[in-house]
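Q:
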Amino acid sequence: MGVNSNEETHRTGQKNNFSPSLWGDQFINYNSDPQVMEKYYKKVEALKNEVSSMLTAPDSKMLDTMDLIDTLERLGVSYHFQNEIEEKLQQYFIHYYNNDDDDQIHQAYDLHTVALHFRLFRQHGHPISSAEIFGKWKDVMGDAKGLLSLYEASHLRTRGETILDEALAFTTTNLKSMVPNLPPYSSLRKQIVHALVQPLHFGIPRIEARFFISVYEEEEEEHKNERLLMFAKLDYNLLQMLHREELRQVSKWWKELDLISKLPYARDRVVECFFWAMGVHHEPHYSRGRIMLAKTIAMISLIDDTYDAYGTIEELAVFTEAIQRWDDGEMARLPQYMKPLYKALLDLYEQFEEELDKEGRSYAAYYSKEALKENVRCYLVEAKWFIEGYMPPFEEYLKNALITSTYCYVASSSLLGKQSALKEDFEWLSKKPKMLVAALTICRYIDDIATYEVEKERGQVATGIECYMRENGVTKEEAMAKFMEIATNNWKDSNEEYLTPSRDILTHILNMERLVDVTYKNNQDGYTHPEKVLKPHIIALLLDPIYIQDQALI
Numbered sequence: 001m002g003v004n005s006n007e008e009t010h011r012t013g014q015k016n017n018f019s020p021s022l023w024g025d026q027f028i029n030y031n032s033d034p035q036v037m038e039k040y041y042k043k044v045e046a047l048k049n050e051v052s053s054m055l056t057a058p059d060s061k062m063l064d065t066m067d068l069i070d071t072l073e074r075l076g077v078s079y080h081f082q083n084e085i086e087e088k089l090q091q092y093f094i095h096y097y098n099n100d101d102d103d104q105i106h107q108a109y110d111l112h113t114v115a116l117h118f119r120l121f122r123q124h125g126h127p128i129s130s131a132e133i134f135g136k137w138k139d140v141m142g143d144a145k146g147l148l149s150l151y152e153a154s155h156l157r158t159r160g161e162t163i164l165d166e167a168l169a170f171t172t173t174n175l176k177s178m179v180p181n182l183p184p185y186s187s188l189r190k191q192i193v194h195a196l197v198q199p200l201h202f203g204i205p206r207i208e209a210r211f212f213i214s215v216y217e218e219e220e221e222e223h224k225n226e227r228l229l230m231f232a233k234l235d236y237n238l239l240q241m242l243h244r245e246e247l248r249q250v251s252k253w254w255k256e257l258d259l260i261s262k263l264p265y266a267r268d269r270v271v272e273c274f275f276w277a278m279g280v281h282h283e284p285h286y287s288r289g290r291i292m293l294a295k296t297i298a299m300i301s302l303i304d305d306t307y308d309a310y311g312t313i314e315e316l317a318v319f320t321e322a323i324q325r326w327d328d329g330e331m332a333r334l335p336q337y338m339k340p341l342y343k344a345l346l347d348l349y350e351q352f353e354e355e356l357d358k359e360g361r362s363y364a365a366y367y368s369k370e371a372l373k374e375n376v377r378c379y380l381v382e383a384k385w386f387i388e389g390y391m392p393p394f395e396e397y398l399k400n401a402l403i404t405s406t407y408c409y410v411a412s413s414s415l416l417g418k419q420s421a422l423k424e425d426f427e428w429l430s431k432k433p434k435m436l437v438a439a440l441t442i443c444r445y446i447d448d449i450a451t452y453e454v455e456k457e458r459g460q461v462a463t464g465i466e467c468y469m470r471e472n473g474v475t476k477e478e479a480m481a482k483f484m485e486i487a488t489n490n491w492k493d494s495n496e497e498y499l500t501p502s503r504d505i506l507t508h509i510l511n512m513e514r515l516v517d518v519t520y521k522n523n524q525d526g527y528t529h530p531e532k533v534l535k536p537h538i539i540a541l542l543l544d545p546i547y548i549q550d551q552a553l554i
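Reading the sequence shown from the start, the letters are residues 1 to 554 in full-length UniProt numbering.
(1) Given a cut-off of 7 Å, decide if F93 and H126 are closer than it, judged by their beta-carbon atoms.
(2) Please tell me whether Y349 and K423 are closer than 7 Å, where the distance is taken between their beta carbons.
(3) Could you check what DSSP says for I539 in three-state terms: helix, strand or coil?
(4) Note down the Cα distance separating R74 from F18, rounded to an integer number of angstroms.
(5) Can you tell me which of Y40, Y468, K418 puts its alpha carbon nearest to the alpha carbon of H285?
(6) Pull up the CB-CB distance for V516 and G203, whole angstroms please, since I reckon it's below 8 Å.
(7) Between the alpha carbons of K431 and C408, how many angstroms are there, rounded?
(8) What number of angstroms, rounded off, separates the C-alpha of I313 from the C-alpha of N523?
(9) Across the segment 39 to 59 and the segment 179 to 189, are there enough close Cβ pairs to call them in contact, namely three or more that are closer than 8 Å?
(10) Taking just the CA atoms, how far does E471 sit from H529?
(11) Alpha carbon to alpha carbon, what distance is there between F211 and G160?
(12) On the criterion of 16 or more Cβ atoms from any shown chain inside 10 Å, does L311 qualify as buried, or is it exposed?
(13) Going by DSSP in three states, F212 sits in which element: helix, strand or coil?
(14) Could you round the C-beta distance between residue 615 and Y397 to whole angstroms and report it? I think they count as a contact, below 8 Å.
(15) Check Y366 in the structure and name its three-state DSSP category.
(16) How many whole angstroms separate the CB atoms of A487 and T441, which I take to be in contact at a CB cut-off of 8 Å?
(17) Decide if the segment 499 to 513 is in contact with the segment 261 to 274; the criterion is three or more beta carbon pairs, one per stretch, under 8 Å apart.
(18) If you draw a straight line from the alpha carbon of M512 to that of G279, how long is it in whole angstroms?
(19) Would Y216 be called buried (16 or more neighbouring beta carbons within 10 Å of its own) or exposed?
(20) Just how far apart, CA to CA, sit M1 and P393?
(21) Count the other CB atoms, across all protein chains shown, that sit within 10 Å of the CB of R325; report buried if there are 16 or more and exposed otherwise.
(22) Inspect the beta-carbon positions of G146 and L111 and report whether they are closer than 7 Å.
(23) Does the segment 251 to 263 touch the segment 376 to 392, meaning 3 or more C-beta pairs lie closer than 8 Å?
(24) Ignore the nearest five residues each way along the sequence and tell me which others in Y41's own chain have a CB closer than 7 Å to its CB.
(25) With a CB to CB cut of under 8 Å and the five nearest residues on each side skipped, what residues in its chain are close to K224?
(26) Taking A144 as the reference, give the member of K190, I303, L242 with the closest Cα.
(27) Using 7 Å as the threshold, is the C-beta distance between A322 and E330 below it?
(28) Looking only at C-alpha atoms, which of I163, T162, E220, F483 sits nearest to I449?
(29) Return helix, strand or coil for R157, following the three-state DSSP convention.
(30) If you draw a straight line from the C-alpha of Q104 to the C-alpha of W137, how long is it?
(31) Any idea what DSSP makes of D67, helix, strand or coil?
(32) Pick out whichever of D357, G24, F352, V77 has its Cα sitting closest to the Cα of V51.
(33) Hey, could you find the ends of the alpha helix (DSSP H) P392 is sitting in?
(34) Report all residues from its chain with a CB closer than 6 Å to the CB of R206; omit the five preceding and five following residues, and keep chain order.
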């Protein structure tokens, strides 16, 4: 076989001891009730028509409609009205820039409204100028609501927008000092405290929707619409039922594979993998895509642990070659423990190809596989560095590490089940456009900060932080600060790339960046150790429905 699998002293990560899954079989045992789902669906559809009428009312004022759009987005129901919202914002954007009374309009608005409109336009790809909008407000203090709105808007800044850099620093400082003086249980205080930890633009849409529903519910009667609140609650619970059914299917597939018992060195994180897929795209029409993506993430996680936590260089070289050839004839060459993993990988893509062939989209599986092949080639390089104790120059490290962030593979795989994704979309991704590079960079630098201490503990020399420290003669703290600065600048690049009318695939990539912000919050590796970071989110999104007081309404 040419592989000495007894060479334990040369294994990549003998010290790893990952915690077991937090979830057991609870998601496999979930049974959806079609009758309950049908009741919810009918009620949601009825309320959806009401909300649509509110949004498209011919006599509605721009101010009211923009507030409504923001509320719909924050309640997590805007996906129902995508076309109507785009149409309204396009119309308002033209009005904003072609109105002779532009200054007069801005003067009539408060800071909250100006910042809200700026954020909405940018979120929808309209290149509104920050200097033109906020130049007039530079010396205005604003109340807590206005400062919060400006704080949220400033996270959509691009490089060189010093006015927004200053706004972010200013609002952060002032909001922190205002919090103790606000009424303890006020809705505004809750929103400020939450936003200082998790800015809206960096948050995962479903998590933010769950939070905002609870905030909106506590608003005073004159500031909320009960029908809209009911719509949001019902829609949230209905979508949760769909996501749980999808996770049941993914969990069943995972249990039947039984790879964790065969690969005891690996992380058992299939639920977290589904959470990741749900973070990339949560809408009902991406159901098949979510299931496919969750499975691919689960597989790359096992492969990552094989390179990072167990395999010898000889074994990993054979495995890398086998994946390049993608042929079950390679099975005989593999060490015994790798065979089930390789077989599961080939079987999974065979299923994908059969399904995609029926709709003339077999190319989708091809691009996902090519991204995987590139990923494992780079994993092998990392494994060699680890075994040999080699510390590469930082540029050499980074070129490889951007690929091992897995985001090229995740981006490509996120389009597998998306019928509207064409061959040119995959081609575009394969050329690593600026938006994708920004996501790779954010993921790699934030991951390196969060995992540095653990990797150092297990004797890994070629970490990003160590390479940067040695090359630049800086301390760990200075290297981490620099990494955070680079990640921030790539968020700015991402924001700039997002200023386009065609944002469909860009939104998936943006959501991938958001997943990094949430999963590695406070420099913690929430994927490897989900207890503190991801567990509460998974419970809220996949286990606990929102309580609806009057069940008779359903």
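Cβ atoms here follow ideal geometry from the backbone N, Cα and C, with glycine treated the same way.
A: In terms of the structure at hand:
(1) In this structure, H126 lies near F93, with their beta-carbon atoms less than 7 Å apart.
(2) No, they are not a contact pair.
(3) Three-state DSSP puts I539 in a helix.
(4) Answer to the nearest angstrom: the Cα atoms are 36 Å apart.
(5) Put simply, of Y40, Y468, K418 the residue whose alpha carbon is nearest the alpha carbon of H285 is K418.
(6) V516 to G203, Cβ: 12 Å. No contact.
(7) Rounded to whole angstroms, K431 to C408 spans 10 Å at the Cα level.
(8) Distance between the alpha carbons of I313 and N523 is about 30 Å.
(9) With the cut-off at 8 Å, the segment 39 to 59 and the segment 179 to 189 do not touch.
(10) In a straight line, the C-alpha of H529 is about 31 Å away from that of E471.
(11) Taking the straight line joining both Cα atoms gives about 32 Å.
(12) Looking at the sequence itself, residue 311 is Gly, so the reference to Leu does not match. The residue in question, G311, is buried, as its Cβ has 16 or more Cβ neighbours within 10 Å.
(13) Residue state, collapsed to three classes: helix.
(14) It is not possible to answer for residue 615, since the shown part of the chain is limited to 1 through 554.
(15) Under the three-state reduction of DSSP output, Y366 falls in the helix class.
(16) That belief holds up - the Cβ atoms of A487 and T441 are roughly 7 Å apart, short of 8 Å.
(17) The segment 261 to 274 and the segment 499 to 513 do not touch, with fewer than three beta-carbon pairs separated by less than 8 Å.
(18) The straight-line gap from Cα to Cα measures roughly 7 Å.
(19) By the 10 Å Cβ count, Y216 comes out buried.
(20) Low confidence applies here, because M1 scores a pLDDT of 33, under 50, leaving its location unreliable; read the following figure in that light. Rounded to the nearest angstrom, the gap between the Cα atoms of M1 and P393 is 34 Å.
(21) Exposed, by the Cβ-count rule.
(22) Yes, these two residues count as a Cβ contact at 7 Å.
(23) Three or more beta-carbon pairs separated by less than 8 Å are not found between the segment 376 to 392 and the segment 251 to 263, which leaves the two stretches without contact.
(24) Excluding positions up to five away in sequence, the list reads L238.
(25) For K224, the CB contacts under 8 Å within the same chain, skipping 5 residues up- and downstream, are Y216, E217 in chain order.
(26) The residue with the shortest Cα to Cα distance from A144 is K190.
(27) Yes. Within cutoff.
(28) Answer by Cα proximity: F483.
(29) Reduced to three states, the DSSP call for R157 is coil.
(30) Note on Q104: pLDDT 44, under 50, position unreliable in the model; no value is reported.
(31) D67: helix per DSSP, three-state reduction.
(32) With respect to the C-alpha of V51, the residue from D357, G24, F352, V77 having the closest C-alpha is V77.
(33) Note, P392: premise wrong, no alpha helix (DSSP H); not H, not E.
(34) Hits under 6 Å: H282, L541.
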